[in-house]
Every structure is written in C-alpha cells, then in structure tokens.
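K.L.:
In this note's numbering, the protein residues as written are 12 to 235.
Structure (structure tokens):
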C-alpha cells in the first residue's frame, strides 16, 4: 500500500496531509507569511503522529498553483529538496482543483466554479465536474477579470462557487447555487487528487516540478 505525502502553501493556508497504511491524517493552519517557517515542522509532526518516516513516502504531492508567487515557490522548493534527497517522484496538483475537491467534500456538490483572488483586479478561474469521486477540469484554467469569468459552453445544472475569488461575486456573471468565498485549498483534498494521479501513473521527476501562475508577469502591475 502506497504512502503519499501532500503539502500546500499556495494561499494564506499552510497544510500537509499523509496517506499511510490506508489512513489519512492532515494538519491545516491559516498562517499568512509564516509558511516557510512552519511547513517542515508540520511535515515532521505529521509523520511522527502517523508513526512513520520520510523514507517510507513513495511520492510527494504539492499545490503547483495558481496562487501567491512566494507561496507556490516555497512548496516547490521544499518538495524538490525532499524528493531529491529521498529519490522519490512528485505529483503536481492544481490549487483550483484542490478547491473544487474541498467543495465536493464539504458541501457534497458535483460542479464547482473555483476562483482564487489573483490581485490586480483579476481572479484565477477554473470549472470542475465530479467523476467517480474526482473533480476534473472542464475547459481550461485562466486568469481574468471577474466580469469575464464564465462557465463551460456545455454547462447545465447547478454550480457551486468556491474560493477567495468569489469575493468579487457581484462582478461575476455566473450565479452559483451557493458559494464559499472564505474557502482555501486544503492538503487533505490535494491528497485525494494526488491518489487518483498516482494510480494513473502521472508522477514526474522532482526536477520537472514547475509552478503554474497562469500569469506571465507575476510580480509587476499590469500596464494600463
């Protein structure tokens, strides 16, 4: 039975999750600007609580973005350091997908419009539909003004809005059946998605781990 470690620092939340001996354990904290100091101790505590070690981990999953530039870089730096040291593969998971998976877990919804506040008056946007317990992307992820956000062309039925991008809800033309603008990605849901990816053989070498920002100019304001 595989042992998988998942971690995420792409937003204000810092979280880790572990699948070991068929049991999932996790730790989640909203700690803006403290991710770099807290992440490794959280991992060590999680492994100790599960009675195992890093050497037992078969693969490490991480939130690849979109999200905060610094946060995504922290996750990739830690994952690559651990994976190189252990000679293990990694699993890159979209943070928008993680949001959709959390909405499915907590609200029982099967169609989710996930949105993360991208600053600069834009949102990271992706639409997901549940298939056999996994939230799968419908269409493409994008960064765009709230007014431009839309559901997939074949969309029907009810959609749930998840993520901080829904703080712009009044400007988004999509009218969800419900929404949670306070929802942040959780490593427990990242782990769920990573398990599906692992079973499909989608792991990659650590040096292939790349951030996905969806925006070319991540550190400078847009030209007006």
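Positions of the beta carbon are idealized from the N, C-alpha and C atoms, including for glycine.
The structure displayed is predicted, hence computed values, not measured ones.
#1: Ordered along the chain, which non-local residues of its own chain (more than five positions away) have a Cβ less than 6 Å from that of residue 218?
#2: Which two residues bound the contiguous beta strand (DSSP E) that contains residue 85?
#3: For residue 165 and residue 150, I'd like the C-alpha separation in whole angstroms.
#4: If you follow the beta strand (DSSP E) that residue 56 is in, where does it begin and where does it stop?
#5: In or out: residue 176 buried (at least 16 other Cβ within 10 Å) or exposed?
#6: Taking Cβ positions, are residue 104 and residue 205 nearer each other than 8 Å?
#7: Cα-Cα, which of 27, 26, 17 and 224 is closest to residue 129?
#8: Determine, using beta carbons only, whether residue 15 and residue 69 come nearer to each other than 8 Å.
#9: So, with DSSP's three-state summary, where would you put residue 109?
#10: If I measure Cβ to Cβ from residue 233 and keep anything under 8 Å in the same chain, skipping five residues before and after, which residues do I get?
#11: Using a Cβ-Cβ cut-off of 7 Å (strictly less than) and excluding sequence neighbours within five positions of residue 111, which residues of its own chain qualify?
#12: Give the list of continuous beta strand (DSSP E) stretches no shorter than 3 residues that lie fully inside the region 22-47.
#13: Would you please state the rounded distance, in angstroms, between the beta carbons of residue 115 and residue 141? I believe it to be under 8 Å.
#14: Quick one: what does DSSP say residue 155 is sitting in, helix, strand or coil?
#15: Three or more C-beta pairs under 8 Å: does that hold for the region 77-87 against the region 51-60?
#16: Going by the CB atoms, is the gap between residue 18 and residue 198 shorter than 8 Å?
#17: Kindly indicate which residue of 42, 37, 92 and 43 has the alpha-carbon position closest to the one of residue 58.
#18: Can residue 133 and residue 109 be called in contact, C-beta distance under 8 Å?
#19: Locate the beta strand (DSSP E) running through residue 19, then write down its first and last residues.
P.N.:
Here's the rundown:
#1: Cβ within range, chain order: n/a, list empty.
#2: Not the beta strand (DSSP E): residue 85 falls in the alpha helix (DSSP H), residues 80-97.
#3: 10 Å
#4: Premise fails: residue 56 lies in the alpha helix (DSSP H), 46-61, not in any beta strand (DSSP E).
#5: buried
#6: Going by C-beta atoms, residue 104 is nearer than 8 Å to residue 205.
#7: 224
#8: yes
#9: Residue state for residue 109 is assigned as helix, using DSSP reduced to three classes.
#10: For residue 233, the predicted model reports a pLDDT of 41, less than 50, meaning its position is unreliable and no value from the coordinates is stated.
#11: 123, 125, 139, 146 and 173
#12: 24-31 and 34-41
#13: 6 Å
#14: If DSSP states are grouped into helix, strand and coil, residue 155 belongs with the strands.
#15: no
#16: Going by C-beta atoms, residue 198 is nearer than 8 Å to residue 18.
#17: 37
#18: no
#19: Where residue 19 is concerned, the enclosing beta strand (DSSP E) stretches over 15-19.
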